[in-house]
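Undergrad: First the structure, which I've put down as structure tokens, then a few questions once you've had a look.
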Amino acid sequence: MSALIEDYAMIGDCETAALVSRDGSIDWLCFPRFDSPACFAALLGTSENGRWSIRPTEKTVRISRRYRPDTLILETIFETDSGSAMLVDFMPPRDGASDIVRVVIGTSGQVDFETDFVVRFDYGRTVPWVTRDDDGTIRAIAGPHQLLLNSPVRLIGRDLHTRGSFSVREGDRVPFILTYGASHKPLDADELLASTETYWREFTAQCPSVGPWTETVKRSLITLKAMTYLPTGGIVASVTTSLPEFLGGIRNWDYRFCWLRDATITLQAFMNLGYFEEARTWRDWLVRAIAGAPDQMQIMYGVTGERHLWEWEVPWLGGYESSRPVRVGNAAAEQFQLDVYGEVADALVQARKGGLPSHPRALALRDVVMPFLEKAWRKPDEGIWEVRGERQHFTHSKVMAWVAFDRAAKWAGLTPEDSKLADRWRQVADEIHADVCRNAFDADLGSFVQAYGSRALDASLLQIPLVGFLPVDDVRVIGTIKAIEQWLLHDGFVLRYRTELVNDGLPPGEGVFLACSFWLADVYVLLGRYAEAQQLFDRLLELQNDVGLLSEEYDPRARRMLGNFPQAFSHVGLINTALNLARRAGPAEDRAESQ
Ligand SMILES: OC[C@H]1O[C@H](O[C@H]2O[C@H](CO)[C@@H](O)[C@H](O)[C@H]2O)[C@H](O)[C@@H](O)[C@@H]1O
Numbered sequence: 013m014s015a016l017i018e019d020y021a022m023i024g025d026c027e028t029a030a031l032v033s034r035d036g037s038i039d040w041l042c043f044p045r046f047d048s049p050a051c052f053a054a055l056l057g058t059s060e061n062g063r064w065s066i067r068p069t070e071k072t073v074r075i076s077r078r079y080r081p082d083t084l085i086l087e088t089i090f091e092t093d094s095g096s097a098m099l100v101d102f103m104p105p106r107d108g109a110s111d112i113v114r115v116v117i118g119t120s121g122q123v124d125f126e127t128d129f130v131v132r133f134d135y136g137r138t139v140p141w142v143t144r145d146d147d148g149t150i151r152a153i154a155g156p157h158q159l160l161l162n163s164p165v166r167l168i169g170r171d172l173h174t175r176g177s178f179s180v181r182e183g184d185r186v187p188f189i190l191t192y193g194a195s196h197k198p199l200d201a202d203e204l205l206a207s208t209e210t211y212w213r214e215f216t217a218q219c220p221s222v223g224p225w226t227e228t229v230k231r232s233l234i235t236l237k238a239m240t241y242l243p244t245g246g247i248v249a250s251v252t253t254s255l256p257e258f259l260g261g262i263r264n265w266d267y268r269f270c271w272l273r274d275a276t277i278t279l280q281a282f283m284n285l286g287y288f289e290e291a292r293t294w295r296d297w298l299v300r301a302i303a304g305a306p307d308q309m310q311i312m313y314g315v316t317g318e319r320h321l322w323e324w325e326v327p328w329l330g331g332y333e334s335s336r337p338v339r340v341g342n343a344a345a346e347q348f349q350l351d352v353y354g355e356v357a358d359a360l361v362q363a364r365k366g367g368l369p370s371h372p373r374a375l376a377l378r379d380v381v382m383p384f385l386e387k388a389w390r391k392p393d394e395g396i397w398e399v400r401g402e403r404q405h406f407t408h409s410k411v412m413a414w415v416a417f418d419r420a421a422k423w424a425g426l427t428p429e430d431s432k433l434a435d436r437w438r439q440v441a442d443e444i445h446a447d448v449c450r451n452a453f454d455a456d457l458g459s460f461v462q463a464y465g466s467r468a469l470d471a472s473l474l475q476i477p478l479v480g481f482l483p484v485d486d487v488r489v490i491g492t493i494k495a496i497e498q499w500l501l502h503d504g505f506v507l508r509y510r511t512e513l514v515n516d517g518l519p520p521g522e523g524v525f526l527a528c529s530f531w532l533a534d535v536y537v538l539l540g541r542y543a544e545a546q547q548l549f550d551r552l553l554e555l556q557n558d559v560g561l562l563s564e565e566y567d568p569r570a571r572r573m574l575g576n577f578p579q580a581f582s583h584v585g586l587i588n589t590a591l592n593l594a595r596r597a598g599p600a601e602d603r604a605e606s607q
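The opening position of the sequence shown corresponds to residue 13 in the working numbering, with each subsequent residue numbered one higher.
Listed below in structure tokens is the structure:
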């Protein structure tokens, strides 16, 4: 059985990532890319679906862990009656090979360990041929996949598992190096550890002070960086698939892709912290990915820009705590979601403001996308929450279409030759604004509503003041915030919408959505309700696990994390709210000022 979601930590090399449980088991790993078929899939099944454990044989009296400061190097300390030892887990940034390195270091007395290496390629199904080379290397092969495991520990195959045992005394170091594909050169665990440490320390060194939240912001920044596919600059929404939004339910989705929405807001967080190199690579990825006819633009792509992300179910995996189906691929790739145009426009304008030189294709792209959008904004869509029910005129989608025209008009207004375009786009922005104010505000409720003609509330309406569509002290905005506080709060955290009242094409039930809870804190900052913003933010920080990671959702009743893990959306929320609180004129006010 898999561990609690919050009991996992992530290690990664900016091309793929693994989840390690508190007791030293790697239960999730897709080699060599984030979206490759998992070779350890115990997270969504059983140990027979693949996992690699290294743990003491005797009872542990205490397990503690942390990331080595400013890095993605995980240190787990096991204490037993006879001694203590540290397991160091990391994935070196790529230099041709793709590896996981695990080093057991004795810290006091003596600790006996056992390791159990179970490889099941193709999402936990294919049992490989496992052989031992003359030099002791364990080789697991099936079809296109090959894994090589090197260690001084003698490993023996039995019952389709590869096992070994060893002891460490104070000062002993026992390394294991797992390599995907061919191994071109002998690897040294200590050298890899040193270069990995340097890589992450250099990256975090640029992070500015965010007052008392600097360390927690750095952790989120490292987490987001680890979800960036370095060869292209694409950013995945999470490194897992099918961790459920409701335990035992069917809201299980594959997040190992690049959503324009999630990637763009991630970039905004990077830029808010002054990381513009990441913005450049992402912008280049974006321009390549969405090149072509504007009506064929997708809301998400694979890490190198793939368009076909067919969704299928994995019948041989039992699902996380029986939450089935396990899905690979994501049918939402085929959806129409109007908001992404606004998010992309906002990020591009922010990149320009930050001094990023313009991309040769960016203007051409703007000039084909905007005319398309002039018609498309009138159409119903699936919205930010990617409903699997009927398309609707979602309020948030229209607001973000307004953002697209508003930002495009400002952008065009920067050059005299584009001033005609600027006027035209300002006109469309005004038209959308009027349309939303006319159709999305319910005077009886005193609030904006989820979609035209609906009476439901939706947390995405919190974006109205955050993107500058209306000022935060507008009476309609005040009414909307009140209504959200009244109807969407659960234990002080924010639900996206009431799944039992809205037909989103799925059975009701899900946790509170962490990103939306950060948005509420941002709105409190705009309102000057700093104490409430601070209080909500503090409570959200308490939800982080022991190594600072957040999933997508949280169940306040069961006090458990839910949804894919770690999730970019949630970590972006954390960074932005920390900046808003620390600077009080942080990103929320920057974005809102564009009104
Ligand atoms: O709730 C149903 C939808 O859930 C997923 O979408 C959510 O995650 C996306 C990635 O973080 C995010 O961009 C979106 O706003 C969220 O609603 C899932 O990917 C969808 O397929 C599903 O319909």
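C-beta: ideal position from N, C-alpha, C; glycine also.
For Asp-266, write down the residues that DSSP places opposite it in a beta bridge.
TA: Asp-266 is bridged to Thr-253.
Undergrad: How about Thr-127 and Val-180: do their beta carbons lie closer than 9 Å?
TA: In this structure, Val-180 does not lie closer than 9 Å to Thr-127 by Cβ.
Undergrad: Starting from Cys-51, follow the beta strand (DSSP E) in both directions and report where the run begins and ends.
TA: Element bounds for Cys-51: 50-52.
Undergrad: Quick one, which of Leu-56, Gln-498, His-502, Ala-495 has its alpha-carbon nearest Thr-252's?
TA: Selected option, being the one with the closest Cα: Leu-56.
Undergrad: Where Glu-398 and Gln-347 are concerned, what is the direct C-alpha to C-alpha distance, given to the nearest angstrom?
TA: Spanning the two alpha carbons is a distance of roughly 7 Å.
Undergrad: Taking Ala-413 and Tyr-509 to be in contact with their CB atoms under 8 Å, please state how far apart those CB atoms are, rounded to whole angstroms.
TA: Contact flag wrong, Cβ pair sits at about 20 Å.
Undergrad: Does DSSP put Pro-428 in a helix, in a strand, or in coil?
TA: Helix, per DSSP.
Undergrad: Using only the heavy atoms of ligand 1, determine whether one of them is closer than 8 Å to the beta carbon of Glu-512.
TA: Every heavy atom of ligand 1 is 8 Å or more from the Cβ of Glu-512, so no.
Undergrad: Is the separation between the beta-carbon of Tyr-234 and that of Trp-212 shorter than 9 Å?
TA: Residue 234 is actually Ile in this sequence, not Tyr. Yes; because the gap between Cβ atoms is below 9 Å, this pair is in contact.
Undergrad: Looking at the secondary structure, which residues open and close the beta strand (DSSP E) in which Gln-122 lies?
TA: It spans 110-130 - the beta strand (DSSP E) in which Gln-122 sits, taken as one unbroken run.
Undergrad: Count Cβ pairs between the segment 82-96 and the segment 133-142 that sit closer than 8 Å; are there 3 or more?
TA: Segments in contact, no.
Undergrad: Please classify His-408 as buried or exposed, where buried requires at least 16 neighbouring CB atoms within 10 angstroms.
TA: Counting Cβ neighbours within 10 Å, His-408 comes out buried, since at least 16 surround it.
Undergrad: Kindly list the residues whose CB is nearer than 7 Å to the CB of Asp-454, restricted to its own chain and excluding five residues on each side of it in sequence; keep chain order.
TA: Cβ within range, chain order: Val-461, Arg-467.
Undergrad: Measuring alpha carbon to alpha carbon, tell me which of Met-13, Phe-129, Gln-122 ends up nearest Cys-51.
TA: Nearest option by C-alpha distance: Phe-129.
Undergrad: By alpha-carbon positions, which one of Gly-36, Arg-151, Ala-29 ends up nearest to Pro-44?
TA: For Pro-44, the nearest C-alpha among the options comes from Ala-29.
Undergrad: Counting only beta-carbon separations shorter than 9 Å, does Phe-549 have a partner in chain C?
TA: In the displayed structure, chain C is absent; only one protein chain is listed.
Undergrad: Pick out the complete alpha helix (DSSP H) segments inside the segment 327-384, 4 residues or longer, and give them in chain order.
TA: Runs found: 351-365.
Undergrad: Spatial neighbours of Ala-344 within its chain, please: CB distance less than 6 Å, with the 5 preceding and 5 following residues excluded, ordered by chain position.
TA: Excluding sequence neighbours, Ala-344 sits near Glu-398.
Undergrad: For Met-13, which residues does DSSP report across the bridge?
TA: Its beta-bridge partners do not exist; DSSP assigns none.
Undergrad: For Asp-393, is the beta carbon positioned less than 8 Å from some heavy atom of ligand 1?
TA: Outside the cutoff, so no.
Undergrad: Around the Cβ of Ala-545, are there at least 16 other Cβ atoms within 10 angstroms (buried) or fewer (exposed)?
TA: Classification for Ala-545: buried.
Undergrad: Out of curiosity, what's the CA-to-CA distance linking Phe-505 and Phe-525?
TA: Spanning the two alpha carbons is a distance of roughly 8 Å.
Undergrad: Who does Asn-588 pair with in a DSSP beta bridge?
TA: According to DSSP, Asn-588 bridges with nothing at all.
Undergrad: Would you call Arg-268 buried or exposed, if buried means 16 or more other Cβ atoms sit within 10 Å of its Cβ?
TA: Answer is buried; the Cβ neighbour count reaches 16.
Undergrad: Quick one: what's got a C-beta closer than 6 Å to Tyr-76's C-beta in the same chain, skipping five residues either side?
TA: The sequence as given places Ser at residue 76; Tyr does not occur at that position. So the list reads Ile-89, once near-sequence residues are dropped.
Undergrad: Taking the alpha-carbon positions, what's the Asn-162 to Thr-143 distance?
TA: Distance between the alpha carbons of Asn-162 and Thr-143: 12 Å.
Undergrad: What do you reckon, are the CB atoms on Phe-608 and Ala-363 nearer than 9 Å?
TA: Outside the displayed span of the chain (13 to 607) sits residue 608, for which this structure offers no information.
Undergrad: Please classify Arg-231: is it buried, with 16 or more other beta-carbons within 10 angstroms of its beta-carbon, or exposed?
TA: Looking at its Cβ environment, which holds 16 or more other Cβ atoms inside 10 Å, Arg-231 is buried.
Undergrad: Using 8 Å for Cβ pairs, my map puts Glu-257 next to Glu-18. What's the rounded Cβ distance?
TA: Not a contact, Cβ separation roughly 15 Å.
Undergrad: Grouping DSSP H, G and I as helix and E and B as strand, with all else coil, what is His-445?
TA: His-445 falls in the helix class under three-state DSSP.
Undergrad: Does DSSP put Cys-42 in a helix, a strand or coil?
TA: Cys-42: strand per DSSP, three-state reduction.
Undergrad: Look at the alpha carbon of Ala-590 and the alpha carbon of Gly-193, and state the distance between them as a whole number of angstroms.
TA: For Ala-590 and Gly-193, the distance between alpha carbons rounds to 41 Å.
Undergrad: Taking its Cβ as the centre, do 16 or more other Cβ atoms sit within 10 Å of Ile-168, making it buried, or is it exposed?
TA: Exposed, since its Cβ has fewer than 16 Cβ neighbours within 10 Å.
Undergrad: So, is Met-13 buried or exposed, given that buried needs 16 or more other C-beta atoms within 10 angstroms?
TA: That one is exposed.
Undergrad: Is the segment 322-337 in contact with the segment 381-391, if contact means three or more CB pairs nearer than 8 Å?
TA: With the cut-off at 8 Å, the segment 322-337 and the segment 381-391 do not touch.
Undergrad: Run through DSSP, which three-state label would Ala-600 get?
TA: Looking at Ala-600 - three-state DSSP - the assignment turns out to be helix.
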